[in-house]
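Residue numbers (full-length UniProt numbering): 1 to 344.
Have a look at the structure below, then the notes.
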Amino acid sequence: MGDPGLVTMEMAELPKETVLELAGCSVVSGSTMACAAVLVPGLLRGSVGAICSQAALLKSTRGALRHLTLTSIMKSKRKTDHLERTANALRQEVVTAAKVCGTANESPSVKRLRLLVADQDFSFKAGQWIDFFIPGVSVVGGFSICSSPRLLEQERVIELAVKYTNHPPAVWIHKQCALDSEVAVRVGGEFFFDPQPADASRNLVLIAGGVGINPLLSILRHAADLHRERANQGSGYEIGTIRLFYSAKNTSELLFKKNILDLVNEFPEKIACSLHVTKQTTPISAELKPYITEGRITEKEIREHISRETLFYICGPPPMTDFFSKQLENSHVPKEHICFEKWW
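Structure (structure tokens):
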């Protein structure tokens with residue numbers, strides 16, 4: 001996914017000092033790495049401490065680090081973690097302190113998290129993810145941001161929605177996380193929607209499966225913010241139509257239902273959604289029924305929205321992502337108009 005922004009190792013097999021060095025370092029040349037001065041709350045200590053007090057050069061070459069990475073992965077019996085999967089993804093250099101300012105259950109298996117990021121220099125693009133550093137947890141989490149950049153601008157808050165698994169960061173979020181818990185975050189990823197005011201108007205088709213809704217909700221919210229700005233000020237980017245296709249096992253696992261339908265009702269001429277359930281066993285509520293289809297999202301539904309002005313964003317289980325990206329290519333959609341993110 002582009003030039004390498006971080007070379008990673010199996011963190012559990014490294015000394016704590018090395019883990020801290022790698023957590024704040026990014027590739028700046030073919031043979032050296034530079035470490036930015038950053039603050040991370042209590043990763044190894046109970047209070048905020050500096051990962052790197054000054055710029056430092058690592059003597060190892062990028063090739064040597066990659067060899068160590070592959071060696072440690074081969075030694076490990078488990079599946080690759082977030083840092084390993086995204087080792088070649090673009091990342092911001094700086095790790096930023098954040099504090100938990102709200103939690104809520106979004107579904108029986110998903111917890112929503114609000115993080116206060118006071119640093120005014122922290123920013124992200126709709127659709128991007130964060131590296132999530134937790135005090136006392138050696139494994140780094142990777143979670144897509146589901147809020148819009150506008151919420152960060154106005155309240156210095158970002159939101160995540162994390163499904164429960166046995167992955168240590170997810171376990172911490174579901175079982176140990178509390179208000180005012182200190183963590184740290186770093187933005188990364190090349191899956192985003194960030195149009196500039198003078199850019200050509202585009203339609204968006206967003207295709208989500210399960211918790212893959214997170215980055216697409218961020219994009220949907222950002223598109224709505226851009227439309228509000230254009231309507232209120234008469235200037236700024238002119239968004240086209242937005243169509244969300246979202247599939248989950250049942251309506252209880254369709255995340256952010258109210259948020260999505262609120263946007264549909266606020267901008268009926270701009271935003272529409274098709275919500276799909278594949279294993280529904282209970283009656284569907286009256287307010288949801290007009291938007292629900294029982295069964296998977298079909299190729300035909302997506303094909304009906306193909307045009308030269310349309311961008312496609314896909315995030316969900318790899319088989320679903322592979323299927324729709326391939327079908328769109330077969331329908332002669334330019335590859336640069338097909339964006340997708342795979343998480344597991």
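Just so it is clear, CB atoms sit at the ideal spot from N, CA and C, and this is done for glycine as well.
Keep in mind that this is a model prediction, so the values were computed, not measured.
- Shown here for Leu152: same chain residues with a beta carbon closer than 8 Å to its own, the five before and five after excluded, namely Val117, Phe122, Ser123, Phe124, Ile158 in chain order.
- Annotated three-state conformation of Phe324 is helix, per DSSP.
- Of the residues Ala208, Phe132, Arg202, Ala178, the one whose Cα lies closest to the Cα of Thr321 is Ala208.
- Note on geometry: alpha-carbon atoms of Glu190 and Glu341 lie some 9 Å from one another.
- Beta-bridge pairing by DSSP links Lys163 to Val110.
- The beta-bridge partner set that DSSP reports for Lys99 consists of Leu116, Glu182.
- Just so you know, the alpha carbons of Pro108 and Ser307 end up roughly 38 Å apart.
- If you draw a 10 Å sphere on the C-beta of Asn166, you find fewer than 16 other C-beta atoms in it, and that means exposed.
- Following the DSSP letters along the chain, one finds Ser123 in no beta strand (DSSP E), marked with neither H nor E.
- Rounded to the nearest angstrom, the Cβ distance from Pro149 to His222 is 6 Å, consistent with a contact under 8 Å.
- DSSP, read as helix, strand or coil, puts His332 in coil.
- By the 16-neighbour rule on beta-carbons within 10 angstroms, Glu155 is exposed.
- Where Ile130 is concerned, the enclosing beta strand (DSSP E) starts and stops at 129 to 134.
- Annotation for Ile297: Phe245, Ser247, His276 place their beta carbon closer than 6 Å to its own, counting only its chain and skipping 5 residues before and after.
- Within 10 angstroms of the beta-carbon of Asn214 lie 16 or more other beta-carbons, which makes it buried.
- Using a Cβ distance threshold of 8 Å, Val185 and Leu115 count as a contacting pair.
- In this structure, Asp180 places its C-beta atom within 8 Å of the C-beta atom of Lys99.
- DSSP lists Ala248, Glu294 as the beta-bridge partner residues of Val277.
- In this structure, Leu220 lies away from Cys315, with their beta-carbon atoms at least 8 Å apart.
- For the 8 Å CB-CB criterion, Val211 and Gln128 do not form a contact.
- DSSP, reduced to helix, strand and coil, places Ser144 within a strand of the structure shown.
- Counted as a single uninterrupted DSSP element, the stretch harbouring Glu341 is not any alpha helix (DSSP H) but the beta strand (DSSP E) occupying residues 338 to 341.
- Residue pairing for Arg91: DSSP places it in a beta bridge opposite Gly188.
- About 7 Å separates the CB atoms of Glu301 and Ser274; that is less than 8 Å, so the two are in contact.
- Here Asp119 is exposed. Its C-beta has fewer than 16 other C-beta atoms within 10 Å.
- In the three-state reduction of the DSSP assignment, Ala224 falls in the helix class.
- Put simply, of Leu261, Val95, Gly142, Val183 the residue whose alpha carbon is nearest the alpha carbon of Leu288 is Leu261.
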